[in-house]
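Accompanying notes for the structure given below.
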Amino acid sequence: MKFLDVLAGDATWPPPLWLMRQAGRYLPEYREVRAKAGDFISLCLSPALAEEVTLQPIRKFGFDAAILFSDILILPMALGQGLRFAEGEGPRLPPLEDVSLLMPGRAAGVYAPVIETVSRLRQSLPKETALIGFAGGPATVACYMLDGQGGGFGRTRQLGYENPGFVRDVLAVLVESTIEYLSAQINAGADCVMLFESWAGIFPPSQFREFVIEPNRQIGVALKARYPEVKIIGFPRLAGLMLSEYARNAGVDALGLDSVTGIAAARAVCPPGMVLQGNLDPLLLKLGGKALEAALRGLLDEMRGHPHIFNLGHGITPDVPEAHVKRLVELVRQG
Ligand code: CP3
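Sequence positions in the sequence shown follow numbering that gives the first Met the number 0 and run 0 to 334.
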């Protein structure tokens, strides 16, 4: 599989390609299945429907990898925290006050349908399409658990200074349960896994080391001990000057990059040969035209000769025209 060869360090040309949130609201067939499911969480927990929406962008665009359709917040829900998605507003959880309320022993039973989706997908996907399993990075999941919603994560940031022991306890539960959750996905057929540390960038350096790098490393070490062949992609979004330390110490094989991090500059501060994934600005995919084509050309040229997985720097937004995605795929395939 071309995608897995690059993840193992080959510099193939043109690079393999997939897009974060490639299954989603910009596709009319997704909106149809989503309406049938009723709500987003039911969709994540319905193996047949989650399988279908994972396959939709593969059929339509022929990406090199499919990503399991689920959400990073299914794990805290499985641990017993309430979760709902307020229409048009995003996730809402009752802010966590006490780690002893979490029930790691029950989680596997709740996320079982997600694991079932992985098994179905490995059967139904074309042989040449890699299947990416994923979880949220512990720091990012803790942000939602402690604040109860996205935004500035003010409570998490305050706790980081005033009650770091509480934050550490939450992270410890998340590390253990994320190891089990990703192991289950790998056992069910995921070819590699990605850790979404989307809010890594809110932590100052000492907390970044303790809350982001160390928990990611513990997950990486445990997974490598069980599955030496399975590659891990870390996505420490907006890591800034901490990127180099993350690349060296977080136990990951590849780095997903956001769009404000120059990819050549990132390469210069990472260990030689580190696999990089990204990082076209999702706004360009909405705009299309010459701006998209010029930036795409620049990114391809910058990474030619290096192990690169073409992607966006963040997820596709619902307002992206399908025709722009088609054009992007065509241009990447031409090299
Ligand atoms: O196609 C894929 O990328 C796979 C599925 C996937 C989703 N969420 C589906 C989703 C993945 C890998 C995620 C990860 C995720 N979820 C992250 C990390 C990546 C990132 O975007 O930074 C985060 C922070 C979340 C939490 C989350 N889920 C938020 C903040 C929201 C609301 C914002 C939004 O885009 O609506 C979601 C909802 C969500 N997750 C949707 C999808 C397709 C939209 C749900 C809908 O259909 O209404």
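Cβ coordinates follow ideal geometry from the N, Cα and C atoms, glycine included.
Bear in mind the structure is a predicted one, so any value in this text is a computation, not a measurement.
Residue j beta carbon less than 8 Å from that of residue i
| i | j | result |
| --- | --- | --- |
| V331 | Y25 | no |
| I232 | P281 | no |
| P103 | L78 | yes |
| G159 | F210 | yes |
| L44 | L130 | no |
| A238 | Y245 | yes |
| R326 | G287 | yes |
| F198 | A138 | The residue asked about is misnamed: residue 198 is Trp in this sequence, not Phe. For W198 and A138, yes; Cβs fall inside 8 Å. |
| G261 | E196 | no |
| A187 | I73 | no |
| I57 | L101 | no |
| A141 | I178 | no |
| L120 | A65 | yes |
| A36 | L48 | yes |
| H307 | P93 | no |
| I71 | A134 | yes |
| V335 | I201 | This structure cannot speak to residue 335, because the chain is shown only from 0 to 334. |
Which listed residue (the options) has its alpha carbon closest to that of residue i
| i | options | result |
| --- | --- | --- |
| V268 | G153, L242, F39, K289 | L242 |
| E127 | A265, L72, A107, L16 | L16 |
| F165 | S99, L299, V5 | S99 |
| Q80 | L145, Q122, E51 | L145 |
| G250 | P204, A7, F133, P214 | P214 |
| G147 | K230, L67, G89 | G89 |
| R105 | L130, G219, P75, D9 | P75 |
| P46 | I262, L170, S118 | S118 |
| R225 | R208, A263, R167, S182 | S182 |
| A294 | G277, Q21, I114, I71 | G277 |
| L194 | I212, P204, R208 | I212 |
| G304 | L3, D4, A10, V5 | A10 |
| S258 | F207, G312, A290 | G312 |
| F234 | A7, A49, V274 | V274 |
| K285 | H323, G272, L299 | H323 |
| L95 | V169, A22, E28 | V169 |
| T155 | R30, Q206, L256 | Q206 |
Per-residue DSSP class, three states only, for residue i
| i | result |
| --- | --- |
| P15 | coil |
| A322 | helix |
| G135 | strand |
| I262 | helix |
| R247 | helix |
| K59 | helix |
| A64 | strand |
| P271 | coil |
| A2 | Residue 2 is actually Phe in this sequence, not Ala. Reduced to three states, the DSSP call for F2 is helix. |
| Q148 | coil |
| R83 | strand |
| Q337 | Residue 337 falls outside the range modelled here, since the chain spans only 0 to 334, and no answer is possible. |
| A253 | strand |
| Q336 | Look at the range of the chain in this structure, 0 to 334, and you will see that residue 336 is not part of it. |
| I40 | helix |
| A10 | coil |
| P90 | strand |
| K230 | strand |
| P75 | helix |
| G277 | strand |
| L129 | Checking the sequence shown, residue 129 turns out to be Ala, not Leu. Three-state DSSP puts A129 in a strand. |
| P103 | helix |
| P235 | strand |
**OP:** Could you tell me which uninterrupted beta strand (DSSP E) segments, each at least 3 residues in length, are contained entirely in the stretch 154-213, listed from first to last along the chain?
**Re:** List check, beta strand (DSSP E) in window: 191-196.
**OP:** Report the residue ranges of all alpha helix (DSSP H) runs contained in full by the stretch 283-314; include only those spanning at least 4 residues, in chain order.
**Re:** Within the stretch 283-314, the complete alpha helix (DSSP H) segments at least 4 residues long are 288-302, listed from N- to C-terminus.
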